[in-house]
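First comes the structure, then the notes that go with it.
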Amino acid sequence: MKIALDAMGGDYAPEPIVAGALTAATQIKGEILLVGIPAEIERYLPAGCPANISVVPATQVIGMDETPTTALRQKKDSSISVCAQMVKDGKAQAMVSAGNTGACTAAALLAWRQIEGIHRPAIATVFPSQTGRFLLLDAGASPDVDPEHIVEFAIMGRAYLEQVLQRQNPTVHLLNIGEEPAKGNAFAKEAHKLLAGQDWFAGNIEGKDIFRKNVDVVVCDAFVGNILLKACEGVAEFIMDEIRNAIPDGPQKLLFLPMRGALRPLRDKMDYAEYGGSPLLGLNGVCIISHGRSNAKAIHNALLNAAKCVESDVVGATRDRVAAQLTGTQFE
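Quick note: the sequence shown uses the working numbering, first residue 1117, plus one each step.
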């Protein structure tokens, strides 16, 4: 197994990207291919670099603020484009990038195309909750979709949860402004109607309940999903900042030291780096999209996630479920 890692993608690349690769190399049964400008990457590689890490040259970099389609057209040798092409050519089995999300999505879509029966890709993001973890999609790939595409998201989310996270017979909720079937706009009502015929559909769920109830998969369009994701990130950072600010300076600070151990699990649960990156589902290849601010820990976990996706054949499982859905077969 080979994983193409976009070494130039991210706000702080390439240093944390290379650092994450170095720690992950000891846990991955395969090779990590650092794709980017060799001179910049090699500055952060130690003399005793693990044998399963190598550098693949790419002469261009797509910036975080560049327009995806324009950048891909003008920068055909960008690190993102090279990663996607390597997967297409069979030179890698997965790609990981903390770079421009739109460019990464577009590059993978152009190179690999959608799985037959899937019309829109979706980013699936793991969220923490009081009952464990749940999967939300779409978190950023396809903001303009039809209700039929929400059903596709549900199928993809279930396949990922079963194959990669080992959760059997997951249920699906539709994110809405109320639990009743008649709630929501025309889009939500139609999506509910299409999902209602599936044994695994558990109905609508409100935003206030997704973190409290026993939830497996939550589906919505990327416009709603990305707003929810960014709002949750902001609230998590706000809460942790408020806790830090509430601890006084000086000798009194010693009284709060016992709290550090108690708060550490909460901090870890709310830390995006714990979850590494989010898979871009629905395409004929494995792509993990990481946060632009990813540190070494986040990249490390993103690489492990990519390896799990390849080893569990999440793409093949999705193909099987979509094919069964198209023929009218219920997948338990």
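Virtual Cβ for every residue (Gly too), placed ideally from N, Cα, C.
List the endpoints of the continuous beta strand (DSSP E) containing residue i.
i: residue 1320; result: 1317 to 1321
i: residue 1147; result: 1147 to 1152
Identify whether residue i lies in helix, strand or coil by the three-state DSSP scheme.
i: residue 1130; result: coil
i: residue 1312; result: coil
i: residue 1324; result: coil
i: residue 1123; result: coil
i: residue 1291; result: strand
i: residue 1329; result: coil
i: residue 1238; result: strand
i: residue 1136; result: helix
i: residue 1231; result: coil
i: residue 1144; result: coil
i: residue 1118; result: strand
Between the alpha carbons of residue i and residue j, how many angstroms are there, rounded?
i: residue 1291; j: residue 1322; result: 6 Å
i: residue 1415; j: residue 1210; result: 14 Å
i: residue 1447; j: residue 1242; result: With a pLDDT of 43 at residue 1447, under the threshold of 50, the modelled position of this residue cannot be trusted; read the value that follows with caution. Approximately 22 Å, taken between the alpha carbons.
i: residue 1168; j: residue 1122; result: 16 Å
i: residue 1367; j: residue 1265; result: 58 Å
i: residue 1250; j: residue 1336; result: 14 Å
i: residue 1423; j: residue 1163; result: 26 Å
i: residue 1285; j: residue 1310; result: 19 Å
i: residue 1476; j: residue 1401; result: One cannot answer for residue 1476 here, as it falls past the ends of the chain, which runs 1117 to 1448.
i: residue 1173; j: residue 1156; result: 11 Å
i: residue 1183; j: residue 1214; result: 16 Å
i: residue 1320; j: residue 1134; result: 42 Å
i: residue 1233; j: residue 1261; result: 15 Å
i: residue 1312; j: residue 1441; result: 14 Å
i: residue 1226; j: residue 1190; result: 15 Å
i: residue 1350; j: residue 1272; result: 27 Å
i: residue 1409; j: residue 1216; result: 11 Å
i: residue 1193; j: residue 1185; result: 14 Å
i: residue 1254; j: residue 1126; result: 21 Å
i: residue 1380; j: residue 1147; result: 33 Å
Ignore the nearest five residues each way along the sequence and tell me which others in residue i's own chain have a CB closer than 7 Å to its CB.
i: residue 1396; result: 1221, 1224, 1237, 1239, 1257, 1403, 1405
i: residue 1457; result: Within the shown structure, residues of the chain are numbered from 1117 to 1448, placing residue 1457 beyond reach of any answer.
i: residue 1364; result: none
i: residue 1230; result: 1237, 1398, 1399
Using a Cβ-Cβ cut-off of 6 Å (strictly less than) and excluding sequence neighbours within five positions of residue i, which residues of its own chain qualify?
i: residue 1304; result: 1292
i: residue 1187; result: 1178, 1219
i: residue 1120; result: 1149, 1151, 1199, 1202, 1208, 1211
i: residue 1245; result: 1327
i: residue 1270; result: 1288, 1335
i: residue 1317; result: 1288, 1311
i: residue 1102; result: In this structure the chain extends from 1117 to 1448, so residue 1102 is not present and cannot be described.
i: residue 1392; result: 1414, 1417, 1418, 1421
At what residues does the alpha helix (DSSP H) containing residue i begin and finish?
i: residue 1226; result: 1217 to 1228
i: residue 1355; result: 1338 to 1362
Can you find the residues in the same chain that come closer than 8 Å, C-beta to C-beta, to residue i, ignoring five residues on each side of it along the sequence?
i: residue 1283; result: 1277, 1332
i: residue 1298; result: 1305
Between residue i and chain B, is there a C-beta pair that is closer than 8 Å?
i: residue 1250; result: Going by chain labels, chain B is absent from the structure shown, which holds only one protein chain.
Write down every uninterrupted run of the alpha helix (DSSP H) in the region 1240 to 1280 whose length is 4 residues or greater and which is fully enclosed by it, in chain order. Taken in chain order, the complete alpha helix (DSSP H) segments of 4 residues or longer contained in the region 1240 to 1280 are 1263 to 1279.
Quick one: which unbroken beta strand (DSSP E) runs of 3-plus residues sit fully inside the region 1383 to 1444? Chain order, please. Within the region 1383 to 1444, the complete beta strand (DSSP E) runs of at least 3 residues are 1393 to 1397, 1402 to 1406.
Run through the region 1172 to 1215 for me and flag every whole beta strand (DSSP E) of 3 or more residues, listed as ranges in chain order. Every beta strand (DSSP E) stretch that sits fully inside the region 1172 to 1215 and reaches 3 residues is listed by chain position as 1210 to 1213.
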